[in-house]
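In the order they appear, the protein sequences are chains B and S.
Throughout, our numbering is defined as the position within the first sequence, counted from one, plus 19.
Throughout, our numbering is defined as the position within the second sequence, counted from one, plus 311.
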Amino acid sequence: MMSLRRSARGAALLVCVGLLASIHATAAFAHTGEFAKFNYCPSTNTEVKKCLYSVVEGGEFVLGSKKVPIVNPVTLQGGYGKVNPETLISKFYEATNGVTLSKTPEPVPGGLLGIVPPEKSPWIVKQLSKFFFENGLTGVNSTLELALPASEITISERAQLFQEGTALRLPVKVHLENPFLGSTCYVGSSTSPIWLNLTTGTTAPPSPNQPITGAVGTGSLLEGETILKYTGIKLVDNAWSAPTASGCGGILSFLVNPIINSMIGLPSASGHNTAIQNVTLYSSPTKTVNAH
Amino acid sequence: MRVSRIRVMMASMLVALALGSVAAADAGAAPVWKFNGTTLAGHEDILGAAISSSMTIPGMTTTCEHFLYNMKVENSGGTGKGEITELPLFECHTGSGICTVEAIEAEKLPWPTKLMTISGTPYLFIEGIHVSILYGGEECALGETVVPITGTAAGSISNATESATFNKSTFTAAGASLKAAGTPIEWTGLFPTEGFEWHRNESISVG
């Protein structure tokens, strides 16, 4: 009898531990007010010094001959550690819900066929073009995804504020989505990622691209100097390169990949691609976040 | 008919001349540095020490109890010019309970300066300002962050008190602008100034 009770207690304890573990795995902290932005910050990790929540609200991604405006907001969140005194960069830590970089689809103008009416075209022409070439069948979405673990991201507050060097280094791949392309059509991969070295300063790309300049944005302190908010940050990089597409068209990829490569101009060497991100950023020390 | 044309032309010329002289006066008949009322020949080091000085980054004020500048001045081409060669800043703190100033340093010295006159008042205009502030505080959003202060500053000069005053009005009047990492900030300061090399104990003025 005693042994049965003990077993029952042991089982209950295991269930509780299991429940706690599963809650910890998703680790969504219900911070309040402005601090709710940091719900998925790994703030209990002692190596993490600050929480980051940023939203790319606009910009563009030019891959070879395709230009995709950023019309749907993309979120980058997580935490970052102490500044390395030699490199002046900080290591990045993954968001606790696993969504460090949100997988936000952006429509590719002209869709699969790449037919885009001239800017001066009448409204009705533009709408008809969207209807025929950007619908569920011929429309293409482009989604920027992390190609490597979030720990490969680096961030430099100093570079952002001083407009010198790389403020944010992101390993990404571009997911092209369309019923014909299947679900595994990518430009870039974990073995061959696209490295974006985003700066608020001025780029030095090879031609034909010309130098472009980012913006540090406008900062303000919120919640009694505990949250730093930056609006109007412009991160730019136009010196990155992109490999060929892979996995497009499922079993017909040996046929479809070359078509996609030809349409986009892949591989696309450095000097032919551009990333511009207009960002609003929030950061706060983990100690402060944990107290809210 | 011809006489009236000539009159119109002469009137236009007079108006143009008058406007030109007004513009020149407004932009400033360039002032020069003087010691004991005599125009400076050669150069002189002058020292400005703030009675009080603080800057406001949106949401927080940073104050330095000891804020000095050392400026080498000369008159060149009929204008008072110079360069700030040193800017020691000590005992700096914030108005916040959670943010501290761990380090503050003037960089990329010397900074060029020039005298100018705006609406009859002499001004000191400083270019190329570059100051880095390292903030601290475990709970401070700017903790462990180096914030660059860059831009230009302008202060009105009072010959009566031998001092330069920097504030929002003087910045606006001279078109100066200081930014902390891209964000406009306000700097206020009152700096009594004196000769430090050849003209010690002499009254300093500009005009």
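Backbone N, C-alpha and C define an ideal beta-carbon position, used for all residues, glycine too.
Contact set between E455(S) and chain B, taken where Cβ atoms lie within less than 9 Å: Indexing the second sequence from 1 puts residue 455(S) at position 144. Chain B residues near E455(S): K68, K69, K101, V102, E176, P304.
Could you spell out where the alpha helix (DSSP H) holding V275(B) opens and where it closes? As a position in the first sequence, residue 275(B) is number 256, starting the count at 1. V275(B) -> alpha helix (DSSP H) spans 272-283.
Close Cβ partners of P262(B) (< 8 Å) along its chain, the five nearest in sequence each way excluded: Indexing the first sequence from 1 puts residue 262(B) at position 243. Contacts found: V206, G207, S208, S211, I213, L285, P286.
For A335(S), count the other beta carbons within 10 Å of its own beta carbon; 16 or more makes it buried, fewer makes it exposed. Which is it? Counting from 1 along the second sequence, the entry for residue 335(S) is found at position 24. Residue placement at A335(S) cannot be trusted, given a pLDDT of 36 that sits under 50; what the coordinates show is reported in the next sentence. So A335(S) counts as exposed.
Could you check whether the Cβ of G98(B) sits closer than 9 Å to any Cβ belonging to chain S? The residue labelled residue 98(B) in the question sits at position 79 within the first sequence. At a cut-off of 9 Å between beta carbons, G98(B) makes no contact with chain S.
In its own chain, which residues sit with a C-beta less than 6 Å from the C-beta of G359(S), not counting the 5 before and 5 after it? Start at 1 with the first residue of the second sequence, and residue 359(S) comes out as number 48. So the list reads Y380, F502, T504, once near-sequence residues are dropped.
Can you confirm whether F111(B), when its beta carbon is compared against all beta carbons of chain S, has any partner nearer than 9 Å? Here residue 111(B) is taken as the residue at index 92 of the first sequence, counted from 1. It does not; no Cβ of chain S falls within 9 Å.
Proximal residues, the segment 215-239 of chain B versus chain S, C-beta separation under 9 Å: Within the segment 215-239 of chain B, the residues whose Cβ lies closer than 9 Å to any Cβ of chain S are, in chain order, T219, A234, V235, G236, T237, G238, S239.
Tell me which residue opens and which closes the alpha helix (DSSP H) that N309(B) is part of. If you number the first sequence from 1, residue 309(B) lands on position 290. According to the DSSP assignment, N309(B) belongs to the alpha helix (DSSP H) that extends over 305-309.
Closer than 9 Å, CB to CB, is C403(S) near chain B or not? Counted from its first residue, the second sequence places residue 403(S) at position 92. No, because no Cβ of chain B sits closer than 9 Å to the Cβ of C403(S).
Does any C-beta atom of chain S lie closer than 9 Å to the C-beta of E105(B)? On the first sequence, residue 105(B) is found 86 positions in, with the first residue counted as 1. It does not: the Cβ of E105(B) has no partner Cβ on chain S nearer than 9 Å.
Give a yes or no on whether the minimum CB-CB distance between C410(S) and chain B is below 9 Å. Against the second sequence, residue 410(S) aligns to sequence position 99. Chain B, which has a Cβ nearer than 9 Å to the Cβ of C410(S), makes this yes.
Could you check where the alpha helix (DSSP H) with L180(B) kicks off and where it finishes? On the first sequence, position 161 is the one that residue 180(B) refers to. Start and end: 176-181.
Say whether the segment 420-428 of chain S touches the segment 393-400 of chain S, bearing in mind that this needs 3 or more beta-carbon pairs closer than 8 Å, one atom from each stretch. These segments touch.
Can you list the residues of chain S that F181(B) reaches, using a CB-CB cut of under 7 Å? The sequence position of residue 181(B) within the first sequence is 162, counting from 1. Using a Cβ-Cβ cut-off of 7 Å, F181(B) is close to P459 of chain S, given in chain order.
Is L187(B) close to chain S, meaning its C-beta is less than 9 Å from at least one C-beta of that chain? Counted from its first residue, the first sequence places residue 187(B) at position 168. For L187(B), the answer is no, since every Cβ of chain S falls outside 9 Å of its Cβ.
On the premise that G117(B) lies in contact with N61(B), defined as a C-beta separation below 8 Å, what is that separation, rounded to the nearest angstrom? Translated into positions along the first sequence, residue 61(B) becomes position 42. Translated into positions along the first sequence, residue 117(B) becomes position 98. It is worth fixing the name first, because residue 61(B) is Pro in this sequence and not Asn. The beta carbons of P61(B) and G117(B) sit about 11 Å from each other, so the pair does not count as a contact at 8 Å.
If you scan the segment 367-430 of chain S from start to end, which runs of the beta strand (DSSP E) of 3 or more residues do you find wholly inside it? Listed in chain order, the complete beta strand (DSSP E) runs (minimum 3 residues) inside the segment 367-430 of chain S are 371-387, 390-397, 400-405, 411-417, 422-429.
Look at L254(B) and L187(B) and say whether their C-beta atoms are less than 9 Å apart. What you label residue 254(B) is simply residue 235 of the first sequence in a count that begins at 1. What you label residue 187(B) is simply residue 168 of the first sequence in a count that begins at 1. With contacts defined by Cβ atoms closer than 9 Å, L254(B) and L187(B) form a contacting pair.
Can you tell me whether DSSP reads T203(B) as helix, strand or coil? Position 184 of the first sequence, counting from 1, holds the residue named residue 203(B). Correct three-state label for T203(B): coil.
Give me the chain B residues within the contact set of T494(S), using Cβ-Cβ distance strictly less than 9 Å, ordered along the chain. Translated into the one-based positions of the second sequence, residue 494(S) becomes position 183. Here the neighbours are V235, G236, T237, G238, S239, Y249.
Out of A471(S), E397(S), G454(S), which one is the CA nearest neighbour of H441(S)? The residue you call residue 441(S) lines up with position 130 of the second sequence. Ranking A471(S), E397(S), G454(S) by Cα distance to H441(S) puts E397(S) first.
At the 9 Å Cβ level, is I440(S) part of the contact set with chain B, yes or no? Position 129 of the second sequence holds residue 440(S). Not an interface residue.
Within-9 Å CB hit, S407(S) to chain B: Position 96 of the second sequence, counting from 1, holds the residue named residue 407(S). Taking 9 Å as the CB threshold, S407(S) lines the interface with chain B.
How big is the Cα-Cα spacing for T494(S) and V235(B)? Translated into positions along the second sequence, residue 494(S) becomes position 183. Translated into positions along the first sequence, residue 235(B) becomes position 216. Those two C-alpha atoms are separated by around 9 Å.
Nearest-angstrom beta carbon gap, E196(B) and T162(B) [assumed within contact, 8 Å]: Taking the first residue of the first sequence as position 1, residue 162(B) is located at position 143. Taking the first residue of the first sequence as position 1, residue 196(B) is located at position 177. Taking C-beta atoms under 8 Å as the contact rule, T162(B) and E196(B) qualify, at a distance of about 7 Å.
Take G389(S) as the anchor and find which of I357(S), G370(S), E513(S), K345(S) has the nearest alpha-carbon. Position 78 of the second sequence, counting from 1, holds the residue named residue 389(S). Checking every option, the nearest Cα to that of G389(S) belongs to K345(S).
Reduced DSSP category for W509(S) - H, G, I as helix; E, B as strand; rest coil: Position 198 of the second sequence, counted from the first residue, corresponds to residue 509(S). Residue state, collapsed to three classes: coil.
To the nearest angstrom, how far is the alpha carbon of A288(B) from that of N228(B)? By 1-based counting over the first sequence, the position of residue 288(B) is 269. By 1-based counting over the first sequence, the position of residue 228(B) is 209. Each residue's Cα considered, the two are about 11 Å apart.
For V298(B), tell me which candidate among T65(B), V90(B), E183(B) has the shortest Cα-Cα distance. The residue given as residue 298(B) occupies position 279 in the first sequence. Looking only at T65(B), V90(B), E183(B), the smallest Cα-Cα distance to V298(B) is reached by V90(B).
Test: S514(S) CB closer than 9 Å to a CB of chain B: Residue numbering aside, residue 514(S) sits at position 203 when the second sequence is read from its first letter. Using a Cβ-Cβ cut-off of 9 Å, S514(S) does not count as an interface residue toward chain B, since no Cβ of chain B sits closer than that to its own.
Kindly list, in the order they appear in chain S, the residues whose Cβ is closer than 7 Å to that of I246(B). As a first step, residue 246(B) is located in the first sequence; it is residue number 227 there, counting from the start. Per Cβ cutoff of 7 Å: A452.
If we ignore side chains and look at the alpha-carbon of each, how far apart do P141(B) and K86(B) end up? Taking the first residue of the first sequence as position 1, residue 141(B) is located at position 122. Taking the first residue of the first sequence as position 1, residue 86(B) is located at position 67. For P141(B) and K86(B), the distance between alpha carbons rounds to 21 Å.
Does E114(B) have its Cβ less than 9 Å from a Cβ in chain S? Counting from 1 along the first sequence, the entry for residue 114(B) is found at position 95. Note on residue identity: the sequence assigns Ala, not Glu, to residue 114(B). The beta-carbon of A114(B) is placed no less than 9 Å from the nearest beta-carbon of chain S.
By how many angstroms is the C-alpha of S387(S) removed from the C-alpha of T350(S)? In the second sequence, counting from the first residue as 1, residue 350(S) sits at position 39. In the second sequence, counting from the first residue as 1, residue 387(S) sits at position 76. Those two C-alpha atoms are separated by around 11 Å.
Should H291(B) be labelled buried (16 or more other beta-carbon atoms within 10 Å of its own) or exposed? Residue mapping note: residue 291(B) aligns to position 272 of the first sequence, counting from 1. Answer is buried; the Cβ neighbour count reaches 16.
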